[in-house]
Ligand SMILES: [Zn+2]
């Protein structure tokens, strides 16, 4: 039954930042308090610096559309459109309203945005998750969209990049939500069988069913500095009597223990991905803009960011506390549930 609900052919459309996205403000209007160093930062300065604190390097969360603008050459992104529709299969109370609200707040129809575009001239399938959408928890729609994006990469023989963030599996869908781990892992094995490159980029926070499935399955795993990454949160694990070391569940700790391949600052992420694609002999194409000889003195990243103008901070920060309470993980016991909150 579910198969017939979700299976659909791709259509393609050019992605433009939505009105709501462009006008969404950072809390407090002109200024934002850095979560890293406590300094007050001028929002324009923060935006220009790709939502990274210029003083301490703290990486703020960015929305999925903004991430696309940061990574994909201007005017080349085509969203993978499919006919996945939301369905409250367990008739979970208030879930429909929760989804509607998240859709309004983010301008997205689920926590996953996927498409095909040029990354520094390399054609790639890019998937970005949006924490502003119910903590980027993974439900059936998110799992299906990721599976379709992987299939698009296989069909077109393109490399795949997934930029993850998530509070874990989505409690409202119970077992179906956990099944997305198996589903996304299985479809990724097809990509692997075809010898296609998959780069996983983990951003803060990435927890639960997402880190435990496609998050960790990258051929190359990159994380942003100081990103919180893990399965169950620190407090949950400590309840079992385990004593955890300093810095546990940070990108730096993961790198030291061989769980990820590199930590890359946001300002270097596009360049690093481009180099990796070069190393894997992914050919470059000229973007349409280059062919037309268009001049953009600001460069693609800043130019587009000004248009997109948006950060998901407002929604993300606001929904963080809600989201933390609404997600459970594999194992779905209460301890794990608290762990997700802890992980943030
Ligand atoms: Zn700071």
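Numbering (my numbering), first residue to last: 124 to 467.
Glycine is no exception: its CB is placed at the ideal position from the N, C-alpha and C atoms.
None of these values were measured; they are calculated from a predicted model.
Here residue 368 is exposed, its C-beta having fewer than 16 other C-beta atoms within 10 Å. Contact between the region 219-236 and the region 162-180 is absent: fewer than three C-beta pairs spanning the two stretches fall below 8 Å.
In this structure, residue 328 lies away from residue 388, with their beta-carbon atoms at least 8 Å apart. Collapsing the DSSP output to three states places residue 363 in coil.
Per DSSP, the beta bridge partners of residue 321 are 283. Here the distance from the Cβ of residue 181 to the nearest heavy atom of ligand 1 is below 7 Å.
A direct Cα-Cα distance of roughly 21 Å separates residue 152 from residue 190.
Cβ contact annotation for residue 370 (same chain, cutoff 8 Å, sequence separation greater than five): 376, in chain order.
Rounded to the nearest whole angstrom, the C-alpha separation of residue 283 and residue 295 is 29 Å.
At a threshold of 7 Å, residue 389 does not count as near ligand 1, since its beta carbon sits no closer than that to any of the ligand's heavy atoms.
As a beta-bridge residue in DSSP terms, residue 240 pairs with 247. Under the DSSP definition of a beta bridge, residue 156 partners with 163. In the structure shown, the three-state DSSP call for residue 235 is strand. Membership of residue 383 in any beta strand (DSSP E) is not indicated, and neither H nor E is assigned to it by DSSP. Contact between residue 157 and residue 178 holds: CB atoms are separated by about 7 Å, below the 8 Å threshold. No Cβ-Cβ contact shorter than 8 Å links residue 269 with residue 234.
If you draw a straight line from the Cα of residue 236 to the Cα of residue 205, it is about 11 Å long. When beta bridges are read from the DSSP output, residue 191 appears opposite no residue.
When secondary structure is reduced to three states using DSSP, residue 315 falls in the helix class.
Taken through DSSP and simplified to helix, strand or coil, residue 186 comes out as coil. Only buried fits residue 197, as 16 or more other CB atoms lie within 10 angstroms of its CB.
Counting C-beta atoms within 10 angstroms of its own C-beta, residue 246 has 16 or more neighbours from the protein chains shown and is therefore classed as buried.
The distance from the Cβ of residue 242 to that of residue 396 is about 6 Å, consistent with a contact at the 8 Å cut-off.
Residue 184 has its Cβ no nearer than 7 Å to any heavy atom of ligand 1.
For residue 407, the beta-bridge partners assigned by DSSP are 245.
Of the heavy atoms belonging to ligand 1, none sits nearer than 7 Å to the Cβ of residue 349.
Shortest gap from the CB of residue 178 to any heavy atom of ligand 1: under 7 Å.
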